[in-house]
Each structure stands twice: as C-alpha cells, then as structure tokens.
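These notes are about the structure you will find just below.
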Amino acid sequence: MSEFQEAHTVSGLKGAPPGYVGYGTGGVLTEAVRRNPYSVVLLDEVEKAHPDVMELFFQVFDKGMMEDGEGIEVDFKNTVIILTSNLGDRVIMDAAFSGEPVSLDGLVAKVRPDLLTRFKPAFLGRMVIVPYLPLGQEEIANIVQLKLDRIGKRFMENNGATLVLDPAIAPTIAARSAEVESGARAIDNVVTQNLLPTLAEAVLAQMAEGKSFQQAHVSLEGTGFSVRFE
Numbered sequence: 003m004s005e006f007q008e009a010h011t012v013s014g015l016k017g018a019p020p021g022y023v024g025y026g027t028g029g030v031l032t033e034a035v036r037r038n039p040y041s042v043v044l045l046d047e048v049e050k051a052h053p054d055v056m057e058l059f060f061q062v063f064d065k066g067m068m069e070d071g072e073g074i075e076v077d078f079k080n081t082v083i084i085l086t087s088n089l090g091d092r093v094i095m096d097a098a099f100s101g102e103p104v105s106l107d108g109l110v111a112k113v114r115p116d117l118l119t120r121f122k123p124a125f126l127g128r129m130v131i132v133p134y135l136p137l138g139q140e141e142i143a144n145i146v147q148l149k150l151d152r153i154g155k156r157f158m159e160n161n162g163a164t165l166v167l168d169p170a171i172a173p174t175i176a177a178r179s180a181e182v183e184s185g186a187r188a189i190d191n192v193v194t195q196n197l198l199p200t201l202a203e204a205v206l207a208q209m210a211e212g213k214s215f216q217q218a219h220v221s222l223e224g225t226g227f228s229v230r231f232e
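In this note's numbering, each number is its position in the sequence shown, counted from 1, plus 2.
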C-alpha cells in the first residue's frame with residue numbers, strides 16, 4: 003500500500019468525486035468488488051497507507067458496504083478483506099525463538115502496542131488479528147521443493163527434456179535460505195541469481211552448438227551449480 007501514502011490517493015480506491023479529475027472512471031477497489039463481489043481483497047503492508055485510507059474501511063466493517071466517488075453503494079458483505087502489516091515483527095520473532103511456548107492469543111497481546119502506534123483502537127477492534135510465526139526449516143524445505151518442481155515442469159515444457167537435480171541441491175538451498183529476516187525471499191534469490199542463470203547459460207550453449215539432449219543433470223559445484231547433458 004505504499005502507493006497510497008498521500009491523502010489524495012484515496013480517490014484511487016473508491017473513485018474521484020464530481021468535479022475532480024478521474025470522475026466517472028471508478029475506483030480500483032470499488033470497481034473490482036462491484037464486478038466480483040465474492041472476492042478476497044489483499045492489502046499488503048497496510049501500515050504504509052495514509053490514515054484516510056483506513057477511514058474508508060470503517061464503513062465497510064460496520065455496514066458491509068462502501069460508497070464510491072459517485073455516492074453509489076458497493077456491497078462488501080461477501081468479500082474477505084486481508085490486511086497485512088510488518089508492525090510487531092520483531093516482537094513476534096523474539097517470542098518465537100525464545101524457546102518458550104507461544105500462544106496466538108499471547109502474541110496478539112504482545113504486538114498490540116506496536117499496532118496501536120499506527121492504527122486506532124476502534125479500527126483494530128473491528129478486525130481479527132492473526133500473527134504469523136517465522137518460517138521453520140520444514141516449511142522452508144517444502145517451499146524449496148515446490149519451486150524446484152515448478153522449474154522442472156517448465157524445463158520439460160520448454161525443452162522437451164527432463165531436469166534431473168542432485169538430491170543435495172534442495173537441502174543446500176534451504177540451508178542458504180535459513181536467514182530469519184529474509185524468509186522465503188532468500189529462496190528466490192538463490193534460485194534466480196544462481197541456479198536459473200547457470201541452467202540457462204548451459205542450455206543456450208548446448209543449443210548454439212546444435213546439440214540435442216534428453217536430460218539435464220544439475221549438481222553442486224563449490225558455491226554454485228554445474229550442468230551436464232545427456
């Protein structure tokens with residue numbers, strides 16, 4: 003929601019009022035829900051938005067509707083609204099890695115002071131607060147495997163060949179991505195900055211030489227990867 007940091011950007015969500023530039027074109031949010039009332043609306047990093055943006059949702063949470071820039075009511079009763087925030091992330095991490103049992107209710111109580119620095123109590127009272135715990139090794143390993151499976155599927159679709167990955171690759175990527183603050187983003191960094199470029203260069207070199215292949219074997223080599231074709 004960083005693009006909605008200024009007060010005037012509110013009109014972008016519900017549409018400009020009469021006499022203002024953009025009147026009649028509808029708002030990004032109201033038009034989307036009007037056309038697809040059974041929707042899930044995700045507002046990421048909502049703490050970055052201007053307070054006036056938050057004011058819009060008081061009407062939605064109380065009455066299940068929002069008036070657009072033309073004064074027409076848009077029904078939100080069948081819409082699930084998810085607002086994410088990084089507020090209180092340090093508190094959650096400290097609690098999760100303290101070694102003591104952590105309950106969700108206890109985490110909500112711990113992060114509430116941080117949430118109150120940005121959101122009004124009445125606003126928080128209209129929502130269900132769900133803290134997200136940091137990813138563990140098992141979750142990171144599952145994400146790595148999902149990404150590698152997708153790469154293998156895409157490789158088959160594009161090249162008509164099988165991608166064979168060394169069994170040590172998945173746990174190695176998971177280990178490199180174990181930094182707490184980076185989370186799943188670190189997995190993308192390893193895959194897009196190391197694995198995929200190496201694989202792409204090897205495939206292009208093979209094609210430039212006019213050599214066909216049925217399989218591409220990827221293995222670890224130092225801090226990077228190597229590719230062998232069959």
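Note that the Cβ used here is the ideal one computed from N, Cα and C, for glycine as well.
Since we're looking at a predicted model, the values are computed, not measured.
Inter-residue Cα distance where the pair is Q61 and R37 = Taking the first residue of the sequence shown as position 1, residue 61 is located at position 59. Taking the first residue of the sequence shown as position 1, residue 37 is located at position 35. When rounded, the distance between both Cα atoms is 19 Å.
Indicate the three-state DSSP secondary structure (helix, strand or coil) for T32 in the structure shown.
-> In the sequence shown, residue 32 corresponds to position 30, counting from 1. In this structure, T32 counts as helix in the three-state DSSP scheme.
From Q147 to L137, what does the alpha carbon distance come to, in whole angstroms?
-> Start at 1 with the first residue of the sequence shown, and residue 147 comes out as number 145. Start at 1 with the first residue of the sequence shown, and residue 137 comes out as number 135. Cα to Cα, Q147 sits roughly 15 Å from L137.
Name, in chain order, the residues that DSSP records as bridge partners for T174.
-> Start at 1 with the first residue of the sequence shown, and residue 174 comes out as number 172. According to DSSP, T174 bridges with nothing at all.
CB contact flag (F78, V48, <8 Å) = Position 76 of the sequence shown, counted from the start, is the residue given in the question as residue 78. Position 46 of the sequence shown, counted from the start, is the residue given in the question as residue 48. Not in contact: F78 and V48 (Cβ atoms no closer than 8 Å).
Could you name the residues that DSSP lists as bridge partners for G226?
-> Within the sequence shown, residue 226 is the residue found at index 224, counting from 1. Answer is E223.
Range covered by the alpha helix (DSSP H) that runs through I74 | For this step, residue 74 is matched to residue 72 along the sequence shown. Run containing I74: none; DSSP gives neither H nor E here.
Touch check for the region 101-121 and the region 65-78: three-plus C-beta pairs under 8 Å?
-> no
With burial defined as no fewer than 16 other Cβ atoms inside 10 Å of the residue's Cβ, what is the status of T119: buried or exposed?
-> Here residue 119 refers to the residue found at position 117 when the sequence shown is read from its first residue. Exposed, since its Cβ has fewer than 16 Cβ neighbours within 10 Å.
Could you round the C-beta distance between I189 and I142 to whole angstroms and report it? I think they count as a contact, below 8 Å.
-> Translated into positions along the sequence shown, residue 189 becomes position 187. Translated into positions along the sequence shown, residue 142 becomes position 140. Right, their Cβ atoms sit about 7 Å apart.
Which of helix, strand or coil does DSSP assign to F121?
-> Residue 121 sits at position 119 when you count from the first residue of the sequence shown. Three-state DSSP puts F121 in coil, outside helix and strand.
What first and last residue would you give for the beta strand (DSSP E) that runs through V82?
-> By 1-based counting over the sequence shown, the position of residue 82 is 80. It spans 82-85 - the beta strand (DSSP E) in which V82 sits, taken as one unbroken run.
Might you give, ordered along the chain, the residues of its own chain that have their beta carbon closer than 7 Å to the beta carbon of G226, omitting 5 neighbours on each side?
-> In the sequence shown, counting from the first residue as 1, residue 226 sits at position 224. Correct list, in chain order: N196, T200.
Report the rounded CA-to-CA distance for L106 versus P133, giving the unit in angstroms.
-> Here residue 106 refers to the residue found at position 104 when the sequence shown is read from its first residue. Here residue 133 refers to the residue found at position 131 when the sequence shown is read from its first residue. In a straight line, the C-alpha of L106 is about 7 Å away from that of P133.
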